[in-house]
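**Student:** Using this note's numbering, count along the sequence shown one by one with no gaps and you end on 362.
We treat Cβ as the ideally placed atom computed from N, Cα and C, and that holds for glycine.
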Amino acid sequence: MANDDTNKGEFALIDLIRRRAAASDAVPVGIGDDCAVLDAPGGPVVITTDMIIEGVHFEETDPLLEVGWKATCVSFSDIAAMGLRPTALLCAAALPEGFSMQQAEEIFRGINHACTEFGVALVGGDTTSSTGPLSLCTTALGKADGHLKPLLRSGAQEGDTILVTGSLGGSILGKHLTFRPRVDEAVALNDSFDVHAMIDISDGLAADLTHIIEESNLGAIIEADKIPTADAAHELARHTGKTPLQHALSDGEDFELLFTMHPDAAARLLKQPAFEVPVSAIGRIIDAGLFIELDGQRRPLEPKGYEHFK
Ligand code: ADP
Ligand code: MG
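1. Go ahead and label residue 199 buried or exposed: buried means 16 or more other beta carbons lie within 10 angstroms of its beta carbon, across all protein chains shown.
2. Suppose only complete runs of 3+ residues qualify. What are the beta strand (DSSP E) ranges in the region 218-292, listed by chain order?
3. Going by DSSP, what residue range makes up the alpha helix (DSSP H) through residue 158?
4. Under 8 angstroms: does the beta carbon of residue 251 sit that close to some heavy atom of ligand 2?
5. Compute the beta-carbon to beta-carbon distance between residue 249 and residue 208, rounded to the nearest angstrom, for a pair I have assumed lies under 8 angstroms.
6. From residue 131 to residue 87, what does the alpha carbon distance come to, in whole angstroms?
7. Less than 9 angstroms between the C-beta atoms of residue 110 and residue 229, yes or no?
8. Would the C-beta of residue 212 count as close to ligand 2, meaning under 8 angstroms from any of its heavy atoms?
9. Within the 9 angstroms Cβ cut-off, does residue 294 reach chain B?
10. What does the alpha-carbon distance come out to for the pair residue 56 and residue 302?
11. Cutting at 6 angstroms between CB atoms, please list the residues of its own chain near residue 174, excluding the five before and the five after it.
12. Buried or exposed, going by whether 16 or more other CB atoms sit within 10 Å of the CB of residue 323?
13. In this structure, how does DSSP classify residue 138 when only helix, strand and coil are distinguished?
14. Could you compute how far the alpha carbon of residue 345 sits from the alpha carbon of residue 152?
15. Tell me, to the nearest whole angstrom, how far the beta carbon of residue 133 is from that of residue 147; I am working on the premise that it is less than 8 angstroms.
16. Output yes or no for whether 9 angstroms exceeds the beta carbon distance between residue 272 and residue 221.
17. Give me, in chain order, the residues of the same chain whose beta-carbon lies closer than 8 angstroms to that of residue 127; leave out the 5 immediate sequence neighbours on both sides.
18. Give the DSSP-derived three-state secondary structure of residue 196 in the structure shown.
19. What did DSSP end up calling residue 352 once you bin it into helix, strand or coil?
20. Quick one: using the 10 Å Cβ neighbour count with 16 as the cut-off for buried, is residue 68 buried or exposed?
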């Protein structure tokens, strides 16, 4: 599901929708982050929705159990990107004509597996037949309990260290279906560190870092040899003619966390990891522009990533 088409179609459309969107003073954060933030008694509530479609986000031959897992975990990953835990899920399913009860059950086994794994209740949804491909739309809610605040894309500060969980690239070889959203890690980070900005990597490292710097009105420089390339990025590179680095920069659907914090906090995290998933420091926030240091040279980096609606 990944390519590096530079067309700005999807982001331009979202920008247009955002500029024209009806707004309300009661909504602290609307369009533009991984979740919207709503005021609620007892603390903010975050909400996100995501749709996955056969032929775009998965193939007809993919196991339906994994398709159900993915449909759920893409939304959980957006809640995690706010540094919070999901609490409730709704799922709308459009099932192609001829879809069997057994197939539908398999999808919902995957959805329930993910919900159980993260302690989330499936509280509703909608079911319809479809003349098109199988499509699943999930909406997840999360709650900021206690002292936790939602972490936004817009909070990066100049001089911050840029960090990433896990390894990147080649998710198309399997991780895009079976990934584990970084909920526990995000909450641990939010709980113990002053994280300034966070996003989950769904569009690709370069594109999602661009979202952070655009929302924060800043720039970034990353170091090529610090970027953790996944084994799958190396395997894929053997067939695509691209380098593992290119895959790590531009493949979508890694669903790792990309976040920024003060260099002292980053050093503390790297010295005493708060969880088992590895964390890498890959660069720093600067005043403007997006650059990569490669072979001792600083070069501009294109915000290439995966975009829908070309
Ligand atoms: P993510 O990759 O984190 O799911 P997206 O890139 O899909 O985020 O969306 C970016 C922002 O635009 C989010 O705040 C999302 O809610 C909003 N958005 C995307 N599509 C639409 C739409 N059709 N109508 C309103 N808001 C949208
Ligand atoms: Mg996201």
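**Tutor:** From the atom records:
1. For the purposes of this step, residue 199 is taken as residue 147 along the sequence shown, with counting starting at 1. With fewer than 16 other Cβ atoms within 10 Å, it is exposed.
2. 247-252 and 271-275
3. Along the sequence shown, one-based indexing puts residue 158 at 106. Element bounds for residue 158: 153-169.
4. For the purposes of this step, residue 251 is taken as residue 199 along the sequence shown, with counting starting at 1. It does: the Cβ of residue 251 is within 8 angstroms (strictly closer) of some heavy atom of ligand 2.
5. Along the sequence shown, one-based indexing puts residue 249 at 197. Along the sequence shown, one-based indexing puts residue 208 at 156. Right, their Cβ atoms sit about 4 angstroms apart.
6. The count along the sequence shown starts at 1 and reaches residue 131 at position 79. The count along the sequence shown starts at 1 and reaches residue 87 at position 35. Cα-Cα distance, rounded: 7 angstroms.
7. Here residue 110 is taken as the residue at index 58 of the sequence shown, counted from 1. Here residue 229 is taken as the residue at index 177 of the sequence shown, counted from 1. It is a contact, given that the beta carbons lie within the stated cut-off.
8. Taking the first residue of the sequence shown as 1, we reach residue 212 at position 160. No - ligand 2 has no heavy atom lying nearer than 8 angstroms to the Cβ of residue 212.
9. Here there is only one protein chain, and chain B is not present.
10. For this step, residue 56 is matched to residue 4 along the sequence shown. For this step, residue 302 is matched to residue 250 along the sequence shown. The predicted model places residue 56 with a pLDDT of 38, which falls under 50 and marks its position as unreliable; any figure quoted below should be read in that light. For residue 56 and residue 302, the distance between alpha carbons rounds to 6 angstroms.
11. Sequence index remark: in the sequence shown, residue 174 carries index 122 (1-based). Correct list, in chain order: 141 and 167.
12. On the sequence shown, residue 323 is found 271 positions in, with the first residue counted as 1. That one is exposed.
13. Locating residue 138 in the sequence shown gives position 86, counting from the first residue. Residue 138 falls in the strand class under three-state DSSP.
14. Sequence index remark: in the sequence shown, residue 345 carries index 293 (1-based). Sequence index remark: in the sequence shown, residue 152 carries index 100 (1-based). Computed Cα separation, rounded: 52 angstroms.
15. As a first step, residue 133 is located in the sequence shown; it is residue number 81 there, counting from the start. As a first step, residue 147 is located in the sequence shown; it is residue number 95 there, counting from the start. Between residue 147 and residue 133 the Cβ distance is about 29 angstroms, and since that is not below 8 angstroms, they are no contact.
16. Stepping through the sequence shown from its first residue, residue 272 is reached at position 220. Stepping through the sequence shown from its first residue, residue 221 is reached at position 169. Taking 9 angstroms as the Cβ cut-off, residue 272 and residue 221 do not qualify as a contacting pair.
17. Here residue 127 refers to the residue found at position 75 of the sequence shown. Answer for residue 127: 100, 101, 102, 138, 141, 190, 191 and 192, listed in chain order.
18. Position 144 of the sequence shown, counted from the start, is the residue given in the question as residue 196. Coil, per DSSP.
19. Working through the sequence shown from its first residue, we reach residue 352 at position 300. Correct three-state label for residue 352: strand.
20. Position 16 of the sequence shown holds residue 68. So residue 68 counts as exposed.
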